[in-house]
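Working notes for the structure below.
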Amino acid sequence: MADHENGTEIDITDLILDEHGDFRRRFVQLWDLRHSGDTGAVAAAWQPLADLLEVHARAEEEIFYPVLLKRGSEEAAEETNDAVGDHNELRDAIRAACRFETGSDPWWRAVLECRKANDEHLAEEERDVIPDFREHSDQALRSRLGTRWVAFHAEHRAARGISGEDIDPGEYIDQNS
Ligand SMILES: [Fe+2]
Ligand SMILES: [Fe+2]
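In the numbering used here, each residue carries its 1-based index in the sequence shown increased by 6.
As structure tokens, this is what we get:
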């Protein structure tokens, strides 16, 4: 059991990094099924991953980026603009996959686009955003936000109550700065 699961460590940046690792692992496991012809197994691997991608993006928009905007470096607005744009791209890619039969060639192409967009986005967050956030926050704040992160996930398990609608990055920055 990870430390944060028994309440000893709930730094939001660690929780975000853990979930990024979870995405990468789940995509690798999904790719193992590429030639299986087992549509049920493919759907069972994909749906929780798609749900978690939606919950993760929305949790960052609700809990993490508003704090980055207020406390981060002068790059924070640009980082947030890029991130919300990337989240929209991911949401679009998930919707695109829904239009095809699970496990079909066009479905795999759509899911590959989602995976590529996600890989690129995670790298940017880990290289630019998380370090900026950690530099401009202390452990107590990150722990408080970590508690909210865990509660948000519990409330929105399987993406319950998450609209999946795109967010206008400019409006978002105006409202949260
Ligand atoms: Fe993230
Ligand atoms: Fe993100």
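Every residue gets a Cβ at the ideal spot worked out from N, C-alpha and C, and that includes glycine. Quantities reported herein were computed from a predicted structural model and do not represent experimental measurements.
Separation of residue j from residue i, as counted between CA atoms
i	j	result
S79	L55	32 Å
E67	L36	26 Å
A82	W52	32 Å
R163	A49	17 Å
G152	R101	29 Å
A63	G43	30 Å
E25	R31	10 Å
D9	F158	Because D9 sits at a pLDDT of 49, beneath the cut-off of 50, its placement in the model cannot be relied upon, and the following sentence gives the value as read from the coordinates. For D9 and F158, the distance between alpha carbons rounds to 18 Å.
R150	D111	44 Å
V135	S183	16 Å
T108	A99	14 Å
D38	A47	11 Å
Y178	W113	31 Å
L74	H41	42 Å
S169	R121	21 Å
Rounded Cβ spacing between residue i and residue j (contact assumed at less than 8 Å)
i	j	result
T19	R140	6 Å
V156	I16	6 Å
A165	D57	4 Å
E85	D28	Actually they do not touch by this definition, with Cβ atoms about 22 Å apart.
Ranges of the alpha helix (DSSP H) found wholly within the stretch 69-130, counting only runs of at least 4: 71-77, 82-104 and 111-130
Secondary structure, alpha helix (DSSP H): runs of 4+ residues fully inside the stretch 11-61: 18-38
Meets three-Cβ-pair contact criterion under 8 Å: the stretch 89-100 and the stretch 109-127: yes
Within 7 Å of ligand 3: residues by beta-carbon to any heavy atom: Inclusion of ligand 3 in the displayed structure is not the case, the ligand content consisting of ligand 1 and ligand 2 alone.
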